[in-house]
Amino acid sequence: MISGFSKYMQIARCFRDETSRSDRQPEFTQLDIEMAFITPNDIYEIIENMLLYIWPTVQSTSGCRPISAPFLRMKYCDAMSRYGSDKPDIRFGFLFSYSAVDGYTGFNIPRKYSSSLSAEDWDSLEDLVFRLTGQRISIFAVQNIKSKHLDLLNLLKPECGDLVVFIKGNTETELKALGMARVEVAKLIDSKGLSIYEPGFHFLWVNQFPLFEKNNLGQWISVHHPFTAASPETAHFLYTDPSKVIGLHYDLVCNGQEVGGGSIRIHNPEVQRYIFTEILKENSCEMEYFLTALNSGAPPHGGIALGKWMLYHYIDSL
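Numbering-wise (the working numbering), the sequence shown opens with residue -3 and increments by one.
Take a look at the structure:
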């Protein structure tokens, strides 16, 4: 964009400089798109139309229907408060409720599902969540829940025979632990041969992420990357309270997996320098070449990258 090209699209081989995980391979291929004078809504429309074009248009033998647009859009805060994940699997329910009265967050498992699971299943689930998150969840039959949880029950409205999974608190740490429990419960139910997942591919955009978060040392770090622009409505908080800044960052999610992500970029060199030096406490000298390039007159720009193999995986499964 800085050199004068208004857009580019490429299939790029990438190497990831971070710890490998099951969904984060060190080497991968992506479809990379960058454009000048673009908005998040423009990106959404381009990607949705592209997926509609390449996606099979016939119903598969597994019952999957063709995808349709526009995709659902969900704020990060809503994804966390209702699903405990920034990549929510919306093929099944188990949405969270939080009781400000008793301080518990939980979700309800209807009897038609909970009756198939044993005490050993629940013990394994509690141990798994604790081992991976360090957080303790509780699982109780409705009739065994103590009176101190009555306000949460009023919100969830469980019926006789249902189970309630809950945790004390409502911070991101507790929500992520409960979100893991939600996903693992669905896997357990599915492994018993019960139909819990709605067929098909359920795409959604997750947006309005916080621009910054604090690490274990209490230092500000970028949630996405340090070149992500702030939303116009919250940009003034850069200079007073970085925790309130919302980034123009968006992720494309399908069936609980991140398929791609992108952002609108900072094109103002002074804002970029301020973020490097005053918020992230980085040595801007190492990025002086980039700041000089921005100062030459970079246009507003943004983009997105989609994981090629993830898309192939979904299409091949039809």
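Virtual Cβ for every residue (Gly too), placed ideally from N, Cα, C.
Requested in this report: Have a look at Pro222, Leu174 and Ser259 and flag the residue whose alpha-carbon is nearest the alpha-carbon of Gly299.
Outcome: Taking the sequence shown and counting its residues from 1, the one referred to as residue 299 is at position 303. In this structure, Ser259 is the residue among Pro222, Leu174 and Ser259 with its C-alpha nearest to the C-alpha of Gly299.
Query raised in the report: Do you know offhand how far His269's Cα is from Gln6's?
Result: Along the sequence shown, one-based indexing puts residue 269 at 273. Along the sequence shown, one-based indexing puts residue 6 at 10. Residue 269 is actually Arg in this sequence, not His. The straight-line gap from Cα to Cα measures roughly 29 Å.
Report task. Give the C-beta separation of Ile86 and Leu200 to the nearest angstrom, bearing in mind that I take them to be a contact with Cβ-Cβ under 8 Å. Result -> In the sequence shown, residue 86 corresponds to position 90, counting from 1. In the sequence shown, residue 200 corresponds to position 204, counting from 1. For a cut-off of 8 Å, the C-beta gap from Ile86 to Leu200 is around 6 Å, short enough to register as a contact.
Query raised in the report: Using CA coordinates, which residue listed in Glu41, Ile43 and Ile63 is at the minimum distance from Val51?
Result: To locate residue 51, count along the sequence shown from 1; it is residue 55. Just to set this straight, residue 51 is Trp in the shown sequence, not Val. Closest by alpha carbon: Ile63.
Query raised in the report: Which ranges does the alpha helix (DSSP H) cover as unbroken runs of at least 4 residues, wholly within the stretch 234 to 277, from first to last along the chain?
Result: The stretch 234 to 277 contains these whole alpha helix (DSSP H) runs: 265 to 270.
Report task. Indicate whether Thr25 and Arg9 have their beta-carbon atoms separated by less than 7 Å. Result -> As a working mapping, residue 25 is identified with position 29 in the sequence shown. As a working mapping, residue 9 is identified with position 13 in the sequence shown. Against a cut-off of 7 Å, the Cβ pair of Arg9 and Thr25 comes out as a contact.
**Report entry** Residue nearest to Asn166 in terms of C-alpha spacing, selected from Ser93, Pro238 and Asn37
**Finding:** Here residue 166 refers to the residue found at position 170 when the sequence shown is read from its first residue. The option with the nearest alpha carbon to Asn166 is Ser93.
Query raised in the report: According to DSSP, which residues form a beta bridge with Gly303?
Result: Numbered from 1 along the sequence shown, position 307 holds the residue referred to as residue 303. Answer by DSSP bridge pairing, in chain order: Gln26.
Query raised in the report: How about Lys3 and Met46: do their beta carbons lie closer than 7 Å?
Result: One-based indexing of the sequence shown puts residue 3 at position 7. One-based indexing of the sequence shown puts residue 46 at position 50. Between Lys3 and Met46, the gap from beta carbon to beta carbon reaches 7 Å or more.
Query raised in the report: Are the beta-carbon atoms belonging to Val161 and Phe223 less than 7 Å from one another?
Result: Here residue 161 refers to the residue found at position 165 of the sequence shown. Here residue 223 refers to the residue found at position 227 of the sequence shown. No, these two residues do not count as a Cβ contact at 7 Å.
Report task. Could you name the residues that DSSP lists as bridge partners for His297? Result -> The residue labelled residue 297 in the question sits at position 301 within the sequence shown. His297 is bridged by DSSP to Ala32.
Report task. Could you pull out every residue in the same chain whose Cβ sits closer than 8 Å to the Cβ of Ser227, ignoring the five residues on either side in sequence? Result -> Here residue 227 refers to the residue found at position 231 when the sequence shown is read from its first residue. Around Ser227: Gln204, Val241, Ile242, Gly243 and Leu244.
**Report entry** Buried or exposed by the 16-neighbour rule on C-beta atoms within 10 Å, applied to Asp237
**Finding:** Counting from one through the sequence shown, the residue named residue 237 turns up at place 241. It is exposed - the Cβ of Asp237 has fewer than 16 other Cβ atoms within 10 Å.
Query raised in the report: Given 8 Å as the limit, is there contact between the stretch 249 to 256 and the stretch 290 to 304, that is, 3 or more CB pairs closer than that?
Result: At 8 Å Cβ cutoff, the stretches touch.
Report task. Rank Val97, Leu184, Ala75 and Gly80 by C-alpha distance to the C-alpha of Asn150 and give the top, closest one. Result -> Translated into positions along the sequence shown, residue 150 becomes position 154. The shortest C-alpha separation from Asn150 is found at Val97.
Query raised in the report: Whose C-alpha, out of Ala173, Glu284 and Gly89, is nearest the C-alpha of Ile192?
Result: The residue you call residue 192 lines up with position 196 of the sequence shown. The option with the nearest alpha carbon to Ile192 is Gly89.
Requested in this report: Please determine, among Asp82, Arg61 and Ala65, the residue with the shortest C-alpha to C-alpha distance to Lys71.
Outcome: Translated into positions along the sequence shown, residue 71 becomes position 75. Between Lys71 and the set Asp82, Arg61 and Ala65, the nearest pair of CA atoms involves Asp82.
Query raised in the report: How would you label Glu23, buried or exposed, when you count the other beta carbons within 10 angstroms and need 16 or more for buried?
Result: As a first step, residue 23 is located in the sequence shown; it is residue number 27 there, counting from the start. Answer is exposed; the Cβ neighbour count stays below 16.
Query - Reference Ser134; option with closest CA among Asp147, Ala231, Leu146 and Asp119 - result: Counting from one through the sequence shown, the residue named residue 134 turns up at place 138. Of the candidates Asp147, Ala231, Leu146 and Asp119, the one whose C-alpha sits nearest the C-alpha of Ser134 is Asp119.
Query raised in the report: The alpha helix (DSSP H) spanning Phe286 covers which residue range?
Result: Walking along the sequence shown from the start, residue 286 turns up at place 290. Glu284 to Asn291 is the span of the alpha helix (DSSP H), which, as asked, contains Phe286.
Report task. Grab the span of the beta strand (DSSP E) containing Tyr193 for me, first residue to last. Result -> Counted from its first residue, the sequence shown places residue 193 at position 197. Bounds of any beta strand (DSSP E) do not take in Tyr193, whose DSSP letter is neither H nor E.
Query raised in the report: Which residues in the same chain have their Cβ closer than 7 Å to the Cβ of Leu124, if we skip the five residues on either side of it in sequence?
Result: The residue given as residue 124 occupies position 128 in the sequence shown. Within the same chain, Cβ atoms closer than 7 Å to the Cβ of Leu124 are found at Glu180, the five residues on either side in sequence being excluded.
Query raised in the report: Should Ala177 go down as buried or exposed, given a rule of 16 or more other Cβ atoms within 10 Å for buried?
Result: What you label residue 177 is simply residue 181 of the sequence shown in a count that begins at 1. Burial of Ala177 is indicated by the presence of at least 16 other C-beta atoms within 10 angstroms of its C-beta.
Query raised in the report: Looking only at its own chain, which residues have a Cβ that is under 8 Å from the Cβ of Ile105, when we skip the five neighbours before and after it?
Result: Against the sequence shown, residue 105 aligns to sequence position 109. Here Ile105 has Phe90, Asp158, Leu159, Val160, Val161 and Val181 as same chain residues with Cβ atoms under 8 Å from its own Cβ, once five neighbours each way along the sequence are excluded.
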